[in-house]
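Colleague: One structure coming up, written as structure tokens, with questions to follow.
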Amino acid sequence: MSGSKTNGDHTSDTSEVTVPPNFIRYIIEEDMATGKYDGRVVTRFPPEPNGYLHIGHAKSICLNFGLSREYNGTCHLRFDDTNPGKENIEYVNSIQEDVKWLGFNWNDHLYFTSDYFDRLFEYAVQLIQMNKAYVDSQSAEQIRENRGTLKEPGSNSPYRNRTVAENLALFQKMKNGEFDEGACVLRARIDMASPSIIMRDPTLYRIRKLDHHRTNDQWCIYPMYDFAHCLSDSIEKITHSLCTLEFKNNRELYDWILDALDVYHPQQIEFARLNLSYTVLSKRKLIELVQQNHVSGWDDPRMPTISGLRRRGYTPASVRNFCERIGVAKRDSTVDVALLEYCIREDLNKTAPRVMGVLNPLRVVIENFPEDLTEEMDAVNNPEDPTMGSRKIPFSKVLYIEQDDFMEDPPKKFFRLGPGREVRLRYAYFITCTDVIKDDSGKVVELRCTYDPATRGGDAPDGRKVKATLHWVSAQHAASAEVRLYENLFEAENPAAADDFKATLNDNSVRILKDCKLEPGLGSAEPGFRCQFERLGYFCADIKDSAPDNLVFNRIVTLRDMWAKIKKQQKK
RNA sequence: UGAGGGUUAGUGUAGUGGUAUCACGACGGGUUCUGGCCCCGUUAACAUAGGUUCGAAUCCUAUACCCUCAGCCA
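This is the structure we're talking about:
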């Protein structure tokens, strides 16, 4: 499943968090107790294949598949493909890939609304025969005008009283392609004066002379969501049809259609969609970011899409845990993106091997270390998991440390290296800075240090302590890599609230570092390999751009950073 | 009220007449060869106003605020 150098995708054993109770589970338990559906639980995830899945869909996926698993039911994957103008096969493929990656399995329950087009047509005919639907020949504009407003009732279409026979014939002609697009639609005959606008003779079928990605040119009329969705649920004997809050108003119509046709009747239950701070989750906005090249594509590591999270280095388990932790309720809410970051740190802390890598190298020469000697130092692979063993790291006279780990004039609470100071090099020796070398502009370009041979391995026999331990890499042995540092794509906590959400894009959302120095073992890292660069964060070899001879690492998330907080406070 | 939903610490969430839950965050401390992890502690909430009740986040009434709906999108 995963290569020798990849980790986490399908094997992560991070224990799933306990699912807190929620109102949907209470409904299901009640239904189980009363035998409403003979103890069955059948849910479905019904994406329209018109875009890539994002973290908000992950919430729905985890909910539907999770609930069905919990109650020994089934969960269907159904593509709601009723609008050929917007949908295509690229999206149906990516959606399946993403659901699988998240760790869910629909088994043989893969369905397409388009598979039901014949039956849906028959249901529409039945409605006409019952005099509960009619063909309206008004234009779209006329229909809009006659719908009324939020406060005023609508008025009846002049075509509302066509006979059953007339409607049947007209609907057949629509199907046969004898009308142009827009010439007429099929409408439910409900009530143009209904206080609920949804119920003012909603459109059931419209004419679209477009090839469909599955049915090709077989149809030129396509059912609307409200007609297709409830009947698809009914056909599949869904028990609990979960959807987001904005469909609450549509439930009245969902129920009306199923009641009118007197068919199997699932119950629709609405929950609040996910909002995440510092990100946008509307399909329209995400597609805009892609099309206007604000990001490199749907799978740009800064995107909240499943494919973006995957490429960034998130594990499926971390996304699932996130979806459990955020809970399910009916009120609009915005989850702090810090929770998502917590979830990936939690997972990777337990599973990711530790490694040393220097992002912004500062050359260090150990003056009293032999010129051509290389020592092998023992390093623990993961202090959280002894079974992950240890490795050898070469140590030699010329090293790199992080530029941030040295200050010529250290402020209070800066524990790292400075002139005359002694620190520990992780798994190696104590070193003391004896000299600072600068270029003409005054920039520090090299440090001269001495090491204490007695501290090999990292402990001083005389018991003396140092306040800091630094990561390092041997210059002559280091592997070079490009490292991409990511931050939030947006600076605004709620970009969608801005006049133009793109104006709140973060200019620093990606920073590319070219000649980073990594410990030599990383030279063979396969794409998808995740690890912790000690003291810096969790990183993942890019699944598209990285190769063993051309390393590219994405920073998934930083480590929690106390020093960064102290620095911030000191600035104030 | 045109109609339908919603409102519990900074954020998310539990609670369904009997001590307001848990998590994230923030803050402080301990531990530490990662300023990580881990451990301990602090912080901080029932939208408002009435009512019922021995007792109300929970039941009732009113008010305020937020969200959704006027696609031949989903």
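FYI, in the working numbering the residues of the first sequence are 1 to 572. Where is the CB? At the ideal position from N, CA and C, for every residue including glycine. What you are looking at is a predicted structure, and each value in this text was computed from that prediction instead of being measured.
According to the neighbour-count rule (16 or more other Cβ atoms, all chains shown, within 10 Å of its Cβ), is M562 buried or exposed?
Modeller: Answer is exposed; the Cβ neighbour count stays below 16.
Colleague: Please check the pair L286 and G51, which I expect to be a contact at CB under 8 Å, by giving their CB distance rounded to whole angstroms.
Modeller: Their Cβ separation, rounded to whole angstroms, is 7 Å, which keeps L286 and G51 in contact under 8 Å.
Colleague: Going straight from the alpha carbon of N550 to that of A475, what length do you get?
Modeller: Going from the Cα of N550 to the Cα of A475 covers about 18 Å.
Colleague: Could you check if Y486 is buried or exposed, using at least 16 other CB atoms within 10 Å of its CB as the buried criterion?
Modeller: Y486 should be labelled buried.
Colleague: Give the straight-line distance between the Cα atoms of P20 and L63, rounded to the nearest whole angstrom.
Modeller: So the two alpha carbons sit approximately 12 Å from each other.
Colleague: Rounding to the nearest angstrom, what Cα-Cα distance links M224 and E166 in this structure?
Modeller: Cα to Cα, the separation comes out at about 22 Å.
Colleague: In angstroms with no decimal places, state the Cα-to-Cα distance between V552 and P47.
Modeller: Cα-Cα distance, rounded: 33 Å.
Colleague: Suppose the cutoff is 8 Å on Cβ atoms and the five residues either side in sequence are ignored; what does the same chain contact list for P101 look like?
Modeller: Per the sequence presented here, residue 101 reads as Trp, with Pro not at that position. The residues are D9, I306, R310, P316.
Colleague: Of all the beta strand (DSSP E) runs that stay within the bounds of the segment 165 to 227, which reach a length of 3 or more residues?
Modeller: The qualifying runs are 185 to 188, 203 to 207, 221 to 223.
Colleague: Please classify D259: does DSSP put it in a helix, a strand, or coil?
Modeller: Note: D259 maps to helix in three-state DSSP.
Colleague: In chain order, what residues of the same chain have a beta carbon less than 6 Å from the beta carbon of N508, not counting five sequence neighbours either side?
Modeller: Taken in chain order, the residues that qualify are E487.
Colleague: Return the residue from the list P202, A468, S157, E122 that minimises the CA-CA distance to K168.
Modeller: According to the sequence shown, residue 168 is Leu rather than Lys. If we check each option's Cα against that of L168, E122 comes out closest.
Colleague: With distances taken from CA atoms, which of T215, V466, G521 is nearest G420?
Modeller: Of T215, V466, G521, the residue nearest in Cα terms is V466.
Colleague: Using DSSP with H/G/I as helix, E/B as strand and the rest coil, what is P153?
Modeller: Looking at P153 - three-state DSSP - the assignment turns out to be coil, as it is neither helix nor strand.
Colleague: With H, G and I counted as helix, E and B as strand and the rest as coil, what does DSSP make of E341?
Modeller: Reduced to three states, the DSSP call for E341 is helix.
Colleague: Which word fits M130, buried or exposed, when buried means at least 16 other C-beta atoms lie within 10 angstroms of its C-beta?
Modeller: Burial call: exposed.
Colleague: Is the beta carbon of L77 closer than 8 Å to that of V41?
Modeller: Contact: no.
Colleague: Identify which residue in A329, P361, C323 has its Cα closest to the Cα of C343.
Modeller: Of the candidates A329, P361, C323, the one whose C-alpha sits nearest the C-alpha of C343 is C323.
Colleague: Within a Cβ cutoff of 6 Å, which residues of the same chain sit near R426, ignoring the five residues on either side of it in sequence?
Modeller: Contacts found: T469, H471.
Colleague: Taking 8 Å as the threshold, find out whether the segment 237 to 246 comes into contact with the segment 212 to 220 through three or more Cβ pairs.
Modeller: In short, these stretches do not touch, since the Cβ pair count stays below three.
Colleague: With respect to the alpha helix (DSSP H) encompassing L63, which residues constitute its N-terminal and C-terminal limits?
Modeller: That run of the alpha helix (DSSP H) goes 55 to 70.
Colleague: If you drop the 5 nearest sequence neighbours on each side, which residues of the same chain put their C-beta closer than 6 Å to that of L150?
Modeller: Excluding sequence neighbours, L150 sits near nothing in its chain.
Colleague: Given a cut-off of 8 Å, decide if A193 and L204 are closer than it, judged by their beta-carbon atoms.
Modeller: Contact flag unset, no.
Colleague: One question on the structure: do C230 and I257 come within less than 8 Å of each other, judged by their Cβ atoms?
Modeller: Taking 8 Å as the Cβ cut-off, C230 and I257 qualify as a contacting pair.
Colleague: Could you say which of F415, E482, P453, A497 lies nearest to A564 if we only look at CA atoms?
Modeller: Selected option, being the one with the closest Cα: F415.
Colleague: According to DSSP, H240 sits in a beta bridge with which residue or residues?
Modeller: According to DSSP, H240 bridges with Q267.
Colleague: Under 8 Å by Cβ, that's how I've got K175 and I143 pegged, so tell me the actual separation to the nearest angstrom.
Modeller: Not quite, the Cβ-Cβ distance comes to about 20 Å (not below 8 Å), so this is no contact.
Colleague: In whole angstroms, what is the alpha-carbon distance linking I198 and N250?
Modeller: Cα to Cα, I198 sits roughly 6 Å from N250.
Colleague: Check N554 in the structure and name its three-state DSSP category.
Modeller: Of the three classes helix, strand and coil, the one that applies to N554 here is strand, per DSSP.
Colleague: Can you check whether the CB of Y429 is closer than 8 Å to the CB of R456?
Modeller: Yes.
Colleague: Look at the Cβ atom of R391, then the Cβ atom of C540, and state whether they are nearer than 8 Å.
Modeller: Their beta carbons are not under 8 Å apart, which means R391 does not touch C540 by this criterion.
Colleague: What do you get for Q292, buried or exposed, if any count of 16 or more other CB atoms within 10 angstroms of its CB means buried?
Modeller: The residue in question, Q292, is exposed, as its Cβ has fewer than 16 Cβ neighbours within 10 Å.
Colleague: Evaluate contact between the segment 359 to 371 and the segment 437 to 453, counting only Cβ atoms and requiring at least three cross-stretch pairs below 8 Å.
Modeller: Judged by Cβ distances under 8 Å, the segment 359 to 371 makes contact with the segment 437 to 453, as three or more pairs qualify.
Colleague: Taking just the CA atoms, how far does W298 sit from K567?
Modeller: Roughly 35 Å separates the two Cα atoms.
Colleague: So what does DSSP say about W472, is it helix, strand or coil?
Modeller: Strand, per DSSP.
Colleague: Assign F112 to one of three DSSP states: helix, strand, or coil.
Modeller: Of the three classes helix, strand and coil, the one that applies to F112 here is strand, per DSSP.
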